[in-house]
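Reading through the structure tokens given below for one structure.
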Amino acid sequence: WAQDPVKIGLILPMTGQQASTGKQIKAGVDLYIKEHGDTVAGRKIEVILKDDAAVPDNTKRLAQELIVNDKVSVIAGFGVTPAALAAAPLATEGKVIELVMAAGTSIITERSPYIARTSFTLAQSSVPLADWAAKNGIKKVVTMVSDYAPGHDAEKSFSDRFKEAGGEVIEAIRFPLANPDFAPFLQRAADAKPDAIMVFVPSGQGGTFMKQFTERGLDKAGIKVIGPGDVTDDDLLPAMGDAVLGAVTAHFYSADHPSAKNQAYVEAFKKANNFRPNFMSVGGYDGMHLIYEALKKTGGKADGDTLIAAMKGMSWESPRGPISIDPETRDIIQNVYMRKVEKKAGELYNVEFATFEGIKDPVKAAKK
Amino acid sequence: MSQQPPGEEIARRLVARASWQPLEVLFWAAALASIYVLPGRHLILTEIAILGLFALSLDLILGYAGIVSLGQAAFFGFGAYAAGLLAKYDLVTEPLLALIVSGVAAALVGFVTSFLVLRGSDLTRIMVTLGVALVLREIANRYAWLTGGADGLQGVEIKPLFGLYRFDMFGHTAFCYALGVLIVLFLLARRIVHSPFGLSLQSIKGNPVRAAAVGIPVNGRLVAIYTIAAGYAGVAGALLTQTTAFTSLSVLDFERSADLLLVLIIGGTGYLYGGLIGAILFKLMQDYLAALTPQYWPFWIGLLLVAIVLIGRERIMSWTKPIRALARRLDWRRSTTAVAVEGQRP
Amino acid sequence: MLTILFDGIAYGMLLFVLACGLAVTLGLMNFVNLAHGAFAMAGGYCTVILVNRWGIPFLAALPLAFLSTAILGLAFERTLYIHVYRKSHLDQVLFTIGLVFMSVAAVDYVMGSSQVFVQLPSWLEGQINVLGVGIGRYRLLIIIICGLLTLLLQFILARSRFGSRLRAAVDDQRVARGLGINVGGVFALTFAFGSGLAGLGGALGAEILGLDPIFPLKYMIYFLIVVTVGGTSSITGPFLASLLLGVGDVAGKYYMPTLGAFVIYTIMILVLIWRPQGLFARGGAR
Amino acid sequence: MTVMLETIALEKRFGGLVATSNVALKVEKGARHALIGPNGAGKTTLINLLTGVLRPTAGRILLDERDITSLKPHSRVKLGIARTFQINQLFAELTPIETVALAVSERLGCGKNWWRIVGRPSQVTDEVVKILENFRLVDVMNERTAILPYGKQRLLEIAVAVASAPRVLLLDEPAAGVPEDERHMILDIVARLPGDVTVLLIEHDMDLVFQFAKWISVLVNGVLFVEGSPEAIARDERVRQVYLGETGHG
Amino acid sequence: MADLLEIEGLWAGYGEAVVLSDIGFCVPDGQSLALLGRNGTGKTTLINSIVGLTTYKSGSIRLDGRDITRERPERRVAAGVGWSPQERNIFRSLTVEENLTAIARPGAWTVERVFGMFPRLAQRRDNLGSQLSGGEQQMLAIGRALIVNPRIVLLDEPLEGLAPIIVDELLVVLRKVIREEGMSAIVVEQKARKILGFTDRAVILDRGRIVFAGDSAALASDPERLEMHLGVTERKVTPAKPPPFN
Ligand SMILES: Nc1ncnc2c1ncn2[C@@H]1O[C@H](COP(=O)(O)OP(=O)(O)OP(=O)(O)O)[C@@H](O)[C@H]1O
Ligand SMILES: Nc1ncnc2c1ncn2[C@@H]1O[C@H](COP(=O)(O)OP(=O)(O)OP(=O)(O)O)[C@@H](O)[C@H]1O
Ligand SMILES: [Mg+2]
Ligand SMILES: [Mg+2]
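Chains as they are written, first to last, in the numbering used here: chain G, 1365 to 1732; chain U, 160 to 505; chain X, 33 to 318; chain F, 14 to 263; chain E, 39 to 284.
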């Protein structure tokens, strides 16, 4: 069997609202394979890409087909939380690895013993953000999040921690996931006169939000934007204009991360794709790394139990910095950086200025 | 003209509308055969069967009663959540029974909302049905404690069918189950459309003013068929939940209703098979193209849709003439009845 | 809260510019052009390229966006749409959705799937403060352009002979031709005009709504709502409906953020039950 | 003789226009009654009021002494009012067989039946046969109505009305567009209806009117102008002036 | 007198179906022609073919010496064809006045002149097309045919649905226009006698072919011919009641 390829089913939203997420991850995966070859531990790696358009019942069927017909060893990708959740029972039943490369709700990894994650959880960046905000003179905050699980996660983790640290959340606003005009919500936030607005919008919507924020003149009114890094997504940042200068976010990856590894990564990525990598792409890149290394460790054995065992505790240096897989929760442990939007060589970047090291998912940590 | 006395000829013509055509028999034989012939494709076949049933529900109101709806997902979603909740909280554990309950529940919703679509033009109806589906979606989103909100309904576990057949990962049980339900409901629909009730729907579609002048209670008939169709959609939704043990807000999405409309138009309205054929074509096309180019498959689907319209359904139908001619030759009743009736008006 | 009212009006006006092209094709030509949003998107991307890449001033780019989408619309009309006018509404849906799919994938291929923005001149950014009411400069511009447009449209379509020839052609194409109306020409001109309006809307709306390849799908429902609520028999109908919806939506979100999109859908359903032909339909016209 | 259909102070306004004004019309049981009048006098409007297509602004309608003013159109059909339309109202996609079968099924009360196939019971078939033969529609019975020549469509229009075996038959210009020989056929068919069927005919073809009618009402500008026997109407100078003209009948 | 309209060997129909076979006749300038025939014999199809709305198979149509066989309908109108369709086809969403102004072409016929001929229309000038009585629609259809100021006007059963007094007036006006203004006309009519006194020539169609072409007056005084082609008998009433229906 050593000659058989190891098949990886990559289920991503390649069309629809979340298409940019899919594109980034796919590019990350491709880049990794290009750099590291398509053979590992004597076995060829074969990636089968499927588009679920972020519709969970598509995800479920595609996962099922990949497992049953294509006999994949790993299903990977998952642009949104419901998609990742929908596939979980199949991972358990089929004993295949479900590797989450994007979705960021805390609970996902608890849904099957075969799930591992190389992206992030929203709590991971929201909690350090709350700490930072409390320490930096921000007292009153309005939270604004998209009304779905990751948004709720971000809102809850931030508020809990922020209140603990003595801050005040004067209003919590949730807006629909698909939302054309932020104006009324922003106006409402502004009328509450906070020191800062904590915002979470899914990858891709940050641009509109920031535009309308400045259009309203809130920056001039002295209100800061803080949030998990999605709102100043690297993908969109260059197009957002100078208005976003100074926005402070907490996130695990910035294209500006000042390590040699990252500089090489960004360069190679741009060359291959013509656009800047964002945090989604490293999820895909690191996910492939995790699979490769685990296979090396198992000597090419790719059944679910062996592979997940090999993944647990694995640690390595990623473009984002040092990361590892928590042996208990199979979730990712990583640094979270505080960043501020600045202009470098005429382009906007999230420039890191502080680091919180080795952050575990706070939600799961709190459960113990 | 035939040599028969006109009386007999007329009687025969009336009944011939409802007689089984050889192609129909062939169609269902092929469907049944796929259980054995294509065991590896049962997953997608199940989806096709469900989509086909869903399209059938739209055909009943659109193809026969002339009500355009862009909100069938409302009933589909309602059925889906009903089945999910019934299973999750162990309210009705037998899948078939739960399916029926879900269908009836969706039909009730259909009955209540049917009064909204009695008036207005096509466009109005499109928007009202769409609005109903969107509002329902918002409600499902809002009551996340019950429905799971944007994360989907988790923890649904479907008990074995009749206590015997477990829903396996290969989807064998699921396919047989879905196909069985589809066949039963298809037969029922076929019966309905060939009945005087069905004919009266067609007349309402053609000319409601005249229909009323013939003594047809237009609104009553529309309410009835809308309710039935909602039940069909609900059953389809429930089937989806039961065969995937999962449901999420996407069952109520606008895209679902829109795709459904596409499916039905591709297959053609008003002869019952349109939805089924459309479902087969659309799913296979999508599956094939998405495998070929996961990122840009919508382009090719779009191109196909455009081509279908530009070439024209009649011309496409004429390409299948040889097949139909062949089927007619195979018709065992040909000698006795000389079936010149095309029966179906695609 | 006057700022909210102002925002609502601007949002409504934007909806109107985006949807009025559809009101023209759907309402006056009786053609279900779901690809309307694709023309809006074309206008948007056209502006992005003109302004961001070629450095053409924003205000100069607007008429260019109008023109280029109008020409694009004309080209499509002459080659493709012309074959579909006589088909059933359902076929039109199929056809135009097909075009939407194609446009979405094609733009994704050419321009990438991330959102893009128009780089506005600085004099259009930020707010001015009039008597304590925060007025967004950009939104003010939208209101002005839209107001002028409405007057122009009203004049062209309701008063002129062109308007009645168009409506005659829609009522009965065959007979209109038989009575000497150049149906092809009238339709082509109208269609191009409608597309141009969509393009203008896209150019103006890119800033507020964001521009990405799925734009035509994302906003299709909104366009349709405007047109149905307003009724298809005039231009003032959709105009007033846009304002109603814009203000309703913005105010609803401001005062009851948890109800989200409820407000706009509920308004729509209630209006359509109350007046199936639309709020401002001309009595019994269709 | 008993009055079958009666209107009391019936009025219909369209905005500023009074299309029917204080009309008190009595049609006797079994009558052969014609309604004539200039174009736009309100004849069709009156029929629409009688059948429930339009709601009157004021006044009442009695059928066989029962008030039917607020009944839905289809309920009035159930009570025995059938009509033809001045401008054909047919089912373009159905064939004449289906159209007639539909009307017959509905009358026999099996319209709600969703289980049996159209055409069973055979009583339906028998009637369909009879009607198609009577109206010379057998040769086109399997064509889509949309492509029938105008004259045939006209016949089908009347056949549908007759198929619901009415007690009161309202004919709105039935002969318009029908060639001369078939005009007489229509008249024959109407003549052969059972004697107790009440017929109200609107027609501008005076040959037909005077052959058919035993009683004529003249409507002008929404008002009942004169009524009388055909002879009296033909002689009436005022009717000549507003309607019949100099070469008119008489 | 020169021939205004010349049709030669015309075959036409709808789609695949051929309805008209080998039609040929002429209408001289300033003359009128009665087009007769039973139900479904192709009268409307012939009119529609002259307007340019059928599927053309072969043959030729010339107007004023110019070949218009392949012209589009709107060009034929510009060349001088006016048309009143059998089913009237009033533009529903235009007012009476707009129905006229939308298609008007300069010439002797103006909106006011049409309203002068049909005072009833003048009263209803702001009514939408969908809100007219049958006869009013017919008047408007005729008005539309005239207001394009054609050389030849094609009237497909124009008398249908009009009150007798209006019919009389209309025929008087038409005759005057034809005599004095040199307009030509083709009039389709079911009741041959009504029209034969008015027209100069007559053509009878049967199953898409011409079975008679000649002088109107001659045809009018030839009851056998009328009976043979049109089924017109001088029967007065048919009291010989057959067995009752039902
Ligand atoms: N919906 C409407 N709105 C406004 N006016 C209308 C409407 N329907 C009919 N009318 C007007 O009412 C008047 C009466 O119309 P009606 O159809 O009853 O006439 P009629 O007697 O049947 O005439 P005809 O002999 O020409 O058919 C007409 O002047 C017509 O224009
Ligand atoms: N759209 C159509 N498609 C196919 N066949 C048609 C169409 N319209 C008419 N026909 C056929 O063409 C033939 C001639 O019809 P036409 O309407 O020209 O007759 P007509 O002499 O005007 O009859 P009428 O006296 O009823 O008006 C008929 O047999 C009819 O069935
Ligand atoms: Mg009338
Ligand atoms: Mg004709």
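C-beta: ideal position from N, C-alpha, C; glycine also.
Residue i at chain E interface by Cβ criterion, 9 Å
i      : result
F:R196 : yes
F:H262 : Residue placement at F:H262 is poorly supported in this model, since its pLDDT is 44, which falls under 50; the coordinates still yield a value, given next. At least one chain E Cβ lies under 9 Å of F:H262.
F:N61  : no
F:H217 : yes
X:R199 : yes
Cutoff 9 Å: residue i Cβ touching any chain F Cβ
i      : result
E:A183 : no
U:F356 : yes
E:E244 : In the sequence on display, residue 244 of chain E carries Asp and not Glu. With 9 Å as the cut-off, E:D244 does not count as an interface residue toward chain F.
Beta strand (DSSP E) segment containing residue i, residue limits
i       : result
U:D218  : First-last for U:D218: H201 to D218, but that is the alpha helix (DSSP H), not the beta strand (DSSP E).
E:Y94   : T93 to L101
G:Y1701 : I1696 to K1708
G:Y1713 : E1711 to I1723
Interface partners of residue i on chain F, CB under 8 Å
i      : result
E:N77  : P162, Y163, G164, K165, V191, P192 and E195
U:A257 : Ordered by position in chain F, no residue passes the 8 Å Cβ test against U:A257, which lies about 26 Å from the chain.
Range of the contiguous alpha helix (DSSP H) that encloses residue i
i      : result
E:E135 : V134 to T139
E:T83  : K81 to V89
X:C52  : L34 to L54
Where residue i meets chain F, residues with beta-carbon distance less than 7 Å
i      : result
U:I375 : H87, E119 and G124
U:H353 : I130 and V131
Interface partners of residue i on chain E, CB under 8 Å
i      : result
X:I213 : E112, A140 and I141
Neighbour flag for residue i against chain U, beta carbons, 9 Å
i       : result
G:L1600 : no
F:V66   : yes
F:I110  : yes
F:T138  : yes
Within chain X, the residues that residue i reaches when beta carbons sit closer than 9 Å
i       : result
G:M1604 : F149
Proximal chain X residues relative to residue i, where beta-carbon distance stays under 7 Å
i      : result
E:N127 : D204 and V207
Amino acids of chain U, ordered along the chain, whose beta-carbon sits closer than 8 Å to that of residue i
i       : result
G:R1538 : The contacting residues do not exist; G:R1538 stays about 11 Å from chain U at best.
Residue i classed as buried or exposed, judged by whether at least 16 other C-beta atoms fall within 10 angstroms
i       : result
X:H115  : exposed
U:A266  : buried
X:Y85   : Note that residue 85 of chain X is Arg in the sequence shown, not Tyr. Exposed, because fewer than 16 other Cβ atoms sit within 10 Å of the Cβ of X:R85.
U:L302  : In the sequence under discussion, the amino acid at residue 302 of chain U is Tyr, which differs from the Leu named in the question. Counting Cβ neighbours within 10 Å, U:Y302 comes out exposed, since fewer than 16 surround it.
F:D218  : buried
X:Y251  : buried
G:Y1656 : buried
U:K442  : buried
Beta-carbon neighbours of residue i, restricted to chain G and to distances below 8 Å
i      : result
X:V282 : D1545, A1547 and P1548
Closer than 8 Å: residue i CB and nearest ligand 5 heavy atom
i      : result
F:D185 : Among the ligands modelled here, namely ligand 1, ligand 2, ligand 3 and ligand 4, ligand 5 does not occur.
Test: residue i CB closer than 9 Å to a CB of chain X
i      : result
E:V57  : no
U:G166 : no
Residue-level contact to chain G via CB, residue i, 9 Å cutoff
i      : result
U:Q503 : Confidence at U:Q503 is low in this model, with a pLDDT of 38, below 50, so its placement is unreliable and the value that follows should be read with caution. Not one chain G Cβ lies under 9 Å of U:Q503.
List in chain order the residues whose CB is within less than 7 Å of at least one heavy atom of ligand 4. F:P162, F:Y163, E:K81, E:T82, E:Q124, E:D194, E:E195 and E:V226
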